[in-house]
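Enquirer:
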Amino acid sequence: MATKGGRRERVSTWTPGEREAKAPHPDEAQRPWWTSAVFYQIYPRSFLDTDGDGVGDLAGVRQRLPYLARLGVDALWLSPFYPSPMHDFGYDVADYCDVDPLFGSLEDARRLIIEAHEHGLRVIVDFVPNHTSSEHPWFVDARSSRTAAHRDWYVWRDPAPVAGGTLPGPPPNGWAATFTPDEPAWTWDAETEQWYLHVFLPEQPDLDWTNPAVVDAMHGVLRFWLDLGVDGFRIDVVHYIGKDVPLGADVPPPEATELTHELLRGLRELLDAYPRQPMMVGEVFIFSTRQVATFYGRGDELHLSFNFPPLYAPWEAPAWRKRIDRVIEELDPVGAWPTWVLSNHDNPRHRTRYGTPAGARAAVLLLLGTRGTPFLYAGEELGLSDAVIPPDRVVDPGGRDGCRAPIPWEGGAAHGWQTADPWLPWPPEAAAGGDAAAQEPDPGSSLHLYRAALAARHRHPALGRGSFRWLESPPDVLAWEREADGDRVAVVVNFADAPADGVLPDGWKLEVSSTAGAPGQAWTGQLPGSASAWLVPESL
Ligand code: GLC
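For what it's worth, the working numbering labels the leading residue of the sequence shown as 356, then goes sequentially.
(1) Do S488 and T547 have their C-beta atoms within less than 8 Å of each other?
(2) On the premise that T565 lies in contact with L614, defined as a C-beta separation below 8 Å, what is that separation, rounded to the nearest angstrom?
(3) CB-CB under 7 Å to N699, same chain, minus the five flanking residues each way: which ones, in chain order?
(4) Distance, Cα to Cα, P379 vs D776?
(5) Can you pull the DSSP bridge partners for L922?
(6) Can you list, in chain order, the residues of its chain with a C-beta nearer than 7 Å to that of N662? Leave out the 5 residues immediately preceding and following it.
(7) Could you name the residues that DSSP lists as bridge partners for A539?
(8) Is any non-hydrogen atom of the ligand GLC found closer than 7 Å to the C-beta of D443, if you look at the structure I gave you?
(9) May I ask you to check if the CB of G753 is nearer than 7 Å to at least one heavy atom of the ligand GLC?
(10) Tell me, which residues are paired with F482 by DSSP?
(11) On the CB-based measure, 16 or more other CB atoms within 10 Å of its CB, does V592 come out buried or exposed?
(12) Given a cut-off of 8 Å, decide if D481 and S439 are closer than it, judged by their beta-carbon atoms.
(13) What I want to know is whether the C-beta of V592 ends up closer than 7 Å to one or more non-hydrogen atoms of the ligand GLC.
(14) I'd like to confirm something about H700: is its beta-carbon nearer than 7 Å to some heavy atom of the ligand GLC, or not?
(15) Look at the alpha carbon of G862 and the alpha carbon of I744, and state the distance between them as a whole number of angstroms.
(16) Does the beta carbon of Y446 fall short of 7 Å from some heavy atom of the ligand GLC?
(17) Can you name, in chain order, every residue of its own chain whose Cβ lies under 6 Å from the Cβ of F394, other than the five neighbours on each side?
(18) Just to confirm the assignment, what range does the beta strand (DSSP E) spanning A733 have?
(19) Check whether the Cβ of F555 lies closer than 7 Å to any heavy atom of the ligand GLC, and answer yes or no.
(20) For P664, which option in L657, E638 and F436 has the closest C-alpha, if you only look at C-alpha atoms?
(21) Do M635 and L622 have their beta-carbon atoms positioned less than 8 Å apart in this structure?
(22) In whole angstroms, what separates the C-alpha of L686 from that of G654?
(23) With a threshold of 8 Å, are at least 3 pairs of Cβ atoms found where one atom belongs to the region 667-677 and the other to the region 843-857?
(24) What residues in its chain sit with their C-beta under 7 Å from that of D563, if we drop five residues either side in the sequence?
(25) When every heavy atom of the ligand GLC is checked, does at least one fall within less than 7 Å of the C-beta of V696?
(26) Hey, would you say W550 sits closer than 8 Å to P608, going by beta carbons?
(27) Taking the CB atoms as reference points, tell me whether R716 and L804 lie closer together than 8 Å.
(28) Measure the alpha-carbon distance for G597 versus A611 and round it to whole angstroms.
(29) Does any heavy atom of the ligand GLC sit closer than 7 Å to the C-beta of V483?
(30) For F642, I'd like the list of residues in its chain whose CB is within less than 7 Å of its CB, leaving aside the five on either flank, ordered along the chain.
(31) Please return the same chain residues whose Cβ sits closer than 6 Å to the Cβ of R713, not counting the five positions on each side in sequence.
(32) CB of F640 to nearest heavy atom of the ligand GLC: below 7 Å?
(33) Say the cut is 7 Å; is the CB of W541 nearer than that to a heavy atom of the ligand ZN?
(34) Ignore the nearest five residues each way along the sequence and tell me which others in L723's own chain have a CB closer than 6 Å to its CB.
(35) Rounded to a whole number of angstroms, what is the C-alpha to C-alpha distance between L476 and R631?
Structure (structure tokens):
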């Protein structure tokens, strides 16, 4: 890949129009691309099926690249598509360097990366370092005998001495498995008479990162994908690698240690050796923003970390003010660039969480208006809600099927898929004419709101990288200003159902609104209930 002064050059296959639309603001030349990018998460199983098996595939993603480029996102995060027995729908990886036939082939992945780049979209893939599938050849070997070559790639512990000597006795410590809190995070292997650790399902044994051979092998995985052209990684439950495994019934839950940070520095060094600025964003599932900040190290660990407290915040002005303040207090002093995410394949969609289409529309201008890198989950742009899953269709052990419903691209029974009956039921909007094709001609649709917001974000350096300052606002409203080199945008969000008056009454005009109103329209200071808007100075 051609580079210039250490910065990755945009691929030459862009059309001039695209290049102009996407070219970074000149002042951004020195900033890494991922600070002003908007990421779009694709859960491949649910995106688009092209071969009729009811499960989405990589060819389906390729097919929608023009749509994604037009939407205006900058980078794609692909959830796992690796060979997997699918006990955790791909987060149980049986081979880190291949593609499950369900999704296509390695060649499909390679072509997807190339074609995404041609559309001006960067690609990051999911890296699942804490555990493999129990069907990964490393674990198959590890459990074959206590002296197997890969035995110490996993976390094995002897049974505690038991009165009477009947094995296995109690598990080595009191940790519970994540999706089944009544079950231990340990499974007894009767053949070799030891327990193995699995923070998640028994089919997801934890790797032992204290073993340098594991570190080497996982570095090899990262190199494999970087050499194939990816622009980085989303790292699954990254706070769990390097954990101590204390023995005893009453031990604290798994905690990150200095080893975790050392391992992250190793990953960072590997990525930084590549000239095109590959990045990693970690899933740090810890509800303290102060602790999340430590995973950025001194600019030598994660490039970005998810920060989940805002995702679980109620739709109330004081709650949001607190979450935003916390990010400023904890991340700014250590030079950590924030991320913002309100939905993903593990959590309800905006519309389901906030309860109404208006709330979902208001949320996106909040999400894209904060200071930091936003992550959008595929299908949010259509304003979808979670599917209602009848008991006989439940497939996920973690109860997350609803937000993983297939995306309806078109009308008709199959909604642009190859079958009307995919692996999960459709979201309710599918039957109500809420598919992407139906939204296309409707300027009032959610799709158009997302396009307008993403285009405005590209036009305004203030939104992509600008400073943040609270502005005065009525009680149920939050208002803040973003500014970069004289470019100014105000973000106003009304969390109440009732309309608000006197919201920045002077000196602003409308740029994007979650409800109605054309860009350039004079701003009256009246913000409808459950609504948000971006405003620019009247003089602009
Ligand atoms: C992460 C993933 C989730 C998965 C779990 C175990 O939390 O987002 O989907 O089940 O890790 O890999």
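Think of the CB as a built atom: it goes at the ideal place given N, C-alpha and C, for glycine as much as any other residue.
Here the structure is a predicted model, which means the values were calculated and not measured.
Expert: Working from what's here:
(1) Against a cut-off of 8 Å, the Cβ pair of T547 and S488 comes out as no contact.
(2) 7 Å
(3) Q396 and Y732
(4) With a pLDDT of only 46 at P379, under 50, the local geometry of the prediction cannot be trusted, and no value is derived from it.
(5) Beyond the ends of the chain as shown, which are 356 and 895, falls residue 922; an answer cannot be given.
(6) T644, V647, V682, P693 and T694
(7) A quick correction: the sequence has Pro, not Ala, at residue 539. Paired residue(s): A531.
(8) Yes, Cβ of D443 sits closer than 7 Å to a heavy atom of the ligand GLC.
(9) yes
(10) I590
(11) Of the other Cβ atoms in all chains shown, 16 or more fall within 10 Å of the Cβ of V592; this residue is therefore buried.
(12) no
(13) yes
(14) yes
(15) I744 has its alpha-carbon roughly 49 Å from the corresponding atom of G862.
(16) yes
(17) A430, W432 and F730
(18) Run containing A733: none; DSSP gives neither H nor E here.
(19) Yes, the Cβ of F555 comes within 7 Å of a heavy atom of the ligand GLC.
(20) E638
(21) Cβ atoms of L622 and M635: closer than 8 Å.
(22) Roughly 12 Å separates the two Cα atoms.
(23) yes
(24) D507, W508, Y509, V510 and V569
(25) no
(26) no
(27) yes
(28) 6 Å
(29) In this structure, the ligand GLC has a non-hydrogen atom nearer than 7 Å to the beta-carbon of V483.
(30) Listed in chain order, the non-local C-beta contacts of F642 below 7 Å within the same chain comprise F663 and P664, local neighbours out to five positions each way being set aside.
(31) It should be pointed out that residue 713 corresponds to Ala in this sequence rather than to Arg. Cβ neighbours of A713 beyond the five flanking positions: S885.
(32) yes
(33) The ligand ZN is absent from the structure shown, which contains only the ligand GLC.
(34) P729, A808 and R812
(35) 14 Å
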